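Position one of the sequence shown corresponds to residue 233 (my numbering), numbered consecutively onward.
Take a look at the structure set out below.
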Amino acid sequence: MRPIKNRAMIFGCGNIIMGDDGFGPAVVDDLQARYILPEDVQAIDAGTCIREYLFDYLLMEEGRPERIIVLDAVDFEGRKPGEVFEILPSEIPAKKIHDFSLHQFPTVNLLQELADNTGIPVLILAAQIEYIPEEIAPGLSSAMVKAVTEASEKIAQILFLTVK
233 MRPIKNRAMI
243 FGCGNIIMGD
253 DGFGPAVVDD
263 LQARYILPED
273 VQAIDAGTCI
283 REYLFDYLLM
293 EEGRPERIIV
303 LDAVDFEGRK
313 PGEVFEILPS
323 EIPAKKIHDF
333 SLHQFPTVNL
343 LQELADNTGI
353 PVLILAAQIE
363 YIPEEIAPGL
373 SSAMVKAVTE
383 ASEKIAQILF
393 LTVK
């Protein structure tokens with residue numbers, strides 16, 4: 233029996249005990265709760281450890297997904313708290329690469345290399361933070377709670393998911 237080739241891998245990045253940084257994992261939870269995910273669509277709470285997954289896809293020939301969607305909280309100037317927007321790795325300004333994420337996001341270079349060397353389309357679905365606490369404080373701001381629903385609905389449209 234051949235393993236199922238994944239049509240899409242969805243990675244929720246973030247630290248759930250650091251306020252709005254928990255956006256990515258919250259979207260994964262929401263997708264799993266509200267939508268029927270077919271066998272060929274995987275949604276994973278990657279926490280702050282997505283690099284290992286990406287390196288595996290870069291190195292292996294078999295089992296690569298057809299598409300990768302990365303969910304992450306960001307702090308971009310000019311964006312409103314809770315605003316959800318799509319980014320391609322190639323669209324991130326060079327000056328933003330090092331401060332792109334709040335929690336050791338895989339380097340944008342790795343995402344771009346993955347797309348360039350494997351042909352796998354990579355989409356970053358980001359949400360603008362309202363705040364990140366100085367100390368441990370689980371829970372999303374009200375703006376980010378709305379962003380979770382919006383991001384889930386965008387992914388459902390992109391991947392043609394069915395509501396439960």
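Glycine included, every Cβ here is placed at the ideal spot set by N, Cα and C.
Treat the numbers as computed from the prediction; the structure is a model and nothing was measured.
Inter-residue spacing [alpha-carbon to alpha-carbon] between residue i and residue j
i: N238; j: T394; result: 17 Å
i: I248; j: G371; result: 7 Å
i: M292; j: T350; result: 10 Å
i: G244; j: A379; result: 13 Å
i: L303; j: E294; result: 24 Å
i: I361; j: A369; result: 14 Å
i: I296; j: A240; result: Note on identity: in this sequence residue 296 is Arg, with Ile being the wrong assignment. One C-alpha to the other measures close to 9 Å.
i: Q264; j: L320; result: 24 Å
i: D331; j: S374; result: Residue placement at D331 cannot be trusted, given a pLDDT of 48 that sits under 50; what the coordinates show is reported in the next sentence. Cα to Cα, D331 sits roughly 24 Å from S374.
i: G310; j: M250; result: 22 Å
i: L342; j: T280; result: 15 Å
i: D307; j: E315; result: 10 Å
i: L357; j: P313; result: 14 Å
i: A278; j: G256; result: 8 Å
i: E366; j: E298; result: 38 Å
i: I364; j: V377; result: 14 Å
i: L391; j: G246; result: 22 Å
i: V259; j: P270; result: 17 Å
Endpoints, alpha helix (DSSP H) assigned at residue i
i: M241; result: First-last for M241: A240 to C245, but that is the beta strand (DSSP E), not the alpha helix (DSSP H).
i: D277; result: Premise fails: D277 lies in the beta strand (DSSP E), V273 to G279, not in any alpha helix (DSSP H).
i: D262; result: F255 to R266
CB contact flag (residue i, residue j, <7 Å)
i: I301; j: I352; result: no
i: D261; j: A305; result: no
i: L355; j: E318; result: yes
i: A359; j: Y267; result: no
Extent of the continuous beta strand (DSSP E) run through residue i
i: E318; result: V316 to I319
i: I390; result: Looking at the DSSP string, I390 is not in any beta strand (DSSP E); the run it does join, the alpha helix (DSSP H), is S374 to L391.
Residue-level contact to chain B via CB, residue i, 7 Å cutoff
i: K378; result: Given the protein chain composition of this structure (a single chain), no chain B is represented.
May I ask you to verify whether the stretch 257-274 touches the stretch 283-290, counting CB pairs closer than 8 Å and requiring at least 3? Using a C-beta cut-off of 8 Å, the stretch 257-274 makes no contact with the stretch 283-290, since fewer than three inter-stretch Cβ pairs fall below that distance.
Which ranges does the beta strand (DSSP E) cover as unbroken runs of at least 3 residues, wholly within the stretch 288-312, from first to last along the chain? For the stretch 288-312, whole beta strand (DSSP E) runs of length 3 or above, ordered along the chain, are 300-306.
Stretch-stretch touch, CB-based, cutoff 8 Å, three pairs: the stretch 345-354 with the stretch 381-395: The count of Cβ pairs closer than 8 Å, one atom from the stretch 345-354 and one from the stretch 381-395, stays below three, leaving the stretches out of contact.
Could you pull out every unbroken beta strand (DSSP E) segment of at least 3 residues lying fully inside the stretch 343-373, listed in chain order? Scanning the stretch 343-373 from its first residue to its last, the whole beta strand (DSSP E) runs of 3-plus residues come out as 354-360.
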